[in-house]
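Protein chains in written order, with the numbering used here: chain A, 34 to 297; chain B, 407 to 788.
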Ligand SMILES: Cc1cc2nc3c(=O)[nH]c(=O)nc-3n(C[C@H](O)[C@H](O)[C@H](O)COP(=O)(O)OP(=O)(O)OC[C@H]3O[C@@H](n4cnc5c(N)ncnc54)[C@H](O)[C@@H]3O)c2cc1C
Ligand SMILES: Cc1cc2nc3c(=O)[nH]c(=O)nc-3n(C[C@H](O)[C@H](O)[C@H](O)COP(=O)(O)OP(=O)(O)OC[C@H]3O[C@@H](n4cnc5c(N)ncnc54)[C@H](O)[C@@H]3O)c2cc1C
């Protein structure tokens, strides 16, 4: 089987994000980057399938600037076999639609039986790219999977997806696209040997022209949405303790909730 | 002068940092209280390849040099130092002599097992009558046919109670001593006449085990000698050059943790109506810590890199060992002072780091002995 995982390099969740003066981007200086945690679930699941079925190739695909190669190599260290890097200045400022267009064009060039994405990227947070890629490739999709089992025919699979308060069990054809929910698996540590071996694994670069796309279809030009302003959430005000005898304090609290906080 | 950490080593640093955060820190009290490294942590370290970081690739290791391992050991120092100490034996101290002086068949026989962590190693030099004065060892080996018969007693030997393979320094010619009268032997666990003695109880360094090694008519084949007859003192000294770098890398990590904890605590702890970080007395301690950590890290990076290039770094290793061990004691002391009474309590790891740091001015050659080495080198080499 050939499994393609879409992975995104995102700022480390521990980093304090600052917004640049133009209010369209986050500031890039001093940020450390990681593979989006949900995409690690995708790679882990692909590796578990490979261990179970044997004779499987796990391919990781990312769109991003030059530094995103490091994210591909992090996945190699976990055990992924090969990588594709969609890298071109023309891809800058892609929205989810342009991102999905680019990813879908690349995946068409790769032989695949299954695509696994994260449920959402922890920076952009839209949860749209996986679904859009599936639509553009015209294949079935199952979002937020919690469990999967590929049937012996390797043409269908049984997949559990999370619902509010329960799980839904689906049978789905392959090729299809799944997105991963937290709880699906525990991503493994890369081994030190895996880290040593990453330089030997192949990364193929794809530019706009390699994908047979025009610059108008990708990046800012190919985007259907436009970021007009980016701003941090307002700082949380400190809590207040209402003092006094319980009876008085409760009255005061009710008054504050109605008149100041306007929640009741 | 390019100080960029190569990408693969950076990834190993990241992995080590993550391992410390997720696997070690939540259990540091357990390691301390039980005085041992839990089996499952050892198992994970084996699976991830931590036992063979520095062993050359042809013997099943990763062949990462001293610089890479030092950078990883800085991270391990930020967790519980028992782990870095334990791994350091299999990443150098336990086999460096064998690698530099031993025969090919000896390396083939042992190094792959050392790299996988299936063979736990120890380094046996110190004896009751021979600490700083290592050449005064009394344990001796006498030739009988194709064998040597060893008699004597080592003490304070790390991994002593659990080691599968010990490199032991013994006297083979009383008249010559350090000048060709000491030889090194590989002794396997279970060899008749060899057993670990009493396990020592200690002030700190919990989770690591030291014991006596007792040799009573212990017969080893002559083929277990490392190098030639009389090479033993060289075997020991060249091992210590590298050990002084990699083991003390852990001290840099311990000091960094002291600094980071102190910084966070000083910002949070309010006295006289403001965070104590606003008092200059506290700021100076933070500044001193950060400066000394930076200095020791630069010494380490430079000396470790030069060692990897094949340079002789005896003087630099001694300088780093001296500076880093004294530095971590000062940092632990300042961290305890900044935390006040809280720093003295077992709830925080600072009192533990304070005890653990103290060892480093003794082990692998005391501070006084490092000064002797440095001075001797200055007077000889200029
Ligand atoms: C420099 C920059 C400029 C931007 N400008 C705009 C803009 O002008 N207008 C706008 O609307 N948005 C903009 N964005 C945000 C953009 O919409 C998203 O970053 C991007 O489309 C991915 O969406 P997401 O992060 O919400 O991913 P999600 O949809 O939350 O991600 C789901 C899954 O899709 C896959 N995936 C997502 N992105 C990638 C990728 N790059 N490579 C491989 N797999 C991926 C992963 O498997 C991921 O888990 C910008 C982002 C950047 C970095
Ligand atoms: C936890 C622990 C683990 C250890 N692990 C190992 C191990 O794995 N393998 C091993 O072989 N050894 C090991 N050792 C032994 C260690 O290397 C010795 O303890 C150390 O070298 C000091 O020797 P000593 O204890 O005999 O002190 P001594 O040599 O008796 O020193 C006592 C004091 O005299 C000073 N002194 C001695 N000579 C001079 C001089 N010429 N000038 C000035 N001052 C001097 C010393 O600096 C020290 O302050 C370990 C020790 C400890 C505590």
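Note that the Cβ used here is the ideal one computed from N, Cα and C, for glycine as well.
- The residues 726, 727, 730, 731, 766, in chain order, have a CB closer than 7 Å to that of residue 654/B in the same chain once the five nearest residues on each side in sequence are set aside.
- Taking CB atoms only, residue 454/B has a neighbour in chain A less than 8 Å away.
- At a Cβ-Cβ threshold of 8 Å, residue 127/A and residue 242/A do not count as neighbours.
- When DSSP states are grouped into helix, strand and coil, residue 117/A belongs to the strand group.
- Under the three-state reduction of DSSP, residue 690/B is assigned to helix.
- Cβ atoms of residue 607/B and residue 620/B stay farther apart than 8 Å, at about 18 Å.
- In this structure, the C-beta of residue 494/B stays at least 7 Å away from each heavy atom of ligand 2.
- In this chain, residue 44/A is not harboured by any alpha helix (DSSP H); it is covered by the beta strand (DSSP E) spanning 42 to 44.
- Close to chain A, meaning a Cβ-Cβ distance shorter than 8 Å, is no residue of the stretch 583 to 617 of chain B at all.
- Fully enclosed alpha helix (DSSP H) runs of no fewer than 4 residues occupy 638 to 674 of the stretch 630 to 696 of chain B, in order along the chain.
- Within chain A, no C-beta atom comes less than 7 Å from the C-beta of residue 676/B; the nearest is roughly 15 Å away.
- Listed in chain order, the positions of the stretch 194 to 228 of chain A with a beta carbon within less than 8 Å of a beta carbon of chain B are 222, 223, 224, 225, 226, 228.
- Residue 645/B sits buried, since 16 or more C-beta atoms from the chains shown fall within 10 Å of its C-beta.
- Along the length of the stretch 93 to 164 of chain A, whole beta strand (DSSP E) runs at least 3 residues long occupy 115 to 119, 147 to 151, reported in chain order.
- As for any beta strand (DSSP E) of minimum length 3 sitting wholly inside the stretch 159 to 218 of chain A, the runs are 174 to 183, 189 to 196, 199 to 206, 209 to 213, ordered along the chain.
- One thing to note: residue 178/A has its Cβ within 8 Å of the Cβ of residue 217/A.
- In the structure shown, residue 491/B adopts helical secondary structure according to DSSP, grouped into three states.
- Ranked by how close their Cα comes to the Cα of residue 157/A, the residues 193/A, 205/A, 249/A, 42/A have 42/A in first place.
- Note on residue 265/A: under 16 other CB atoms within 10 angstroms of its CB, so exposed under the neighbour-count rule.
- Distance check between residue 238/A and each of 88/A, 145/A, 105/A places 105/A closest, using alpha-carbon atoms only.
- Interface with chain A (8 Å Cβ-Cβ cutoff): residue 448/B is excluded.
- Under the three-pair Cβ rule at 8 Å, the stretch 177 to 195 of chain A does not count as touching the stretch 129 to 140 of chain A.
- Of the candidates 89/A, 119/A, 80/A, 87/A, the residue whose Cα lies closest to the Cα of residue 99/A is 119/A.
- In terms of beta-carbon proximity, residue 287/A stays away from the interface with chain B, with every pair separated by 8 Å or more.
- Bounds of the beta strand (DSSP E) holding residue 35/A are 35 to 39.
- Take residue 724/B, set aside five residues on each side of it, and the residues of its chain with a beta-carbon closer than 6 Å to its own are 776, 779, 780, in chain order.
- Taken through DSSP and simplified to helix, strand or coil, residue 74/A comes out as helix.
- Rounded to whole angstroms, residue 173/A and residue 204/A show a C-alpha spacing of 11 Å.
- Chain-order list of chain A residues neighbouring residue 734/B: empty, with the shortest C-beta distance near 26 Å, by a criterion of under 9 Å.
- The beta-carbon of residue 572/B is placed no less than 8 Å from the nearest beta-carbon of chain A.
- Of the candidates 214/A, 262/A, 93/A, 262/A places its Cα closest to the Cα of residue 55/A.
- Look at residue 769/B: its beta carbon is less than 7 Å from one of the heavy atoms in ligand 2.
- Less than 8 Å divides the Cβ of residue 79/A from the Cβ of residue 149/A.
- Within chain A, no C-beta atom comes nearer than 7 Å to that of residue 662/B; the closest sits roughly 17 Å away.
- For residue 103/A, the chain B residues whose Cβ falls inside 8 Å of its Cβ are 413, in order along the chain.
- Judged by beta-carbon spacing, residue 707/B lies within the 8 Å limit of residue 409/B, meaning their Cβ atoms are closer than that value.
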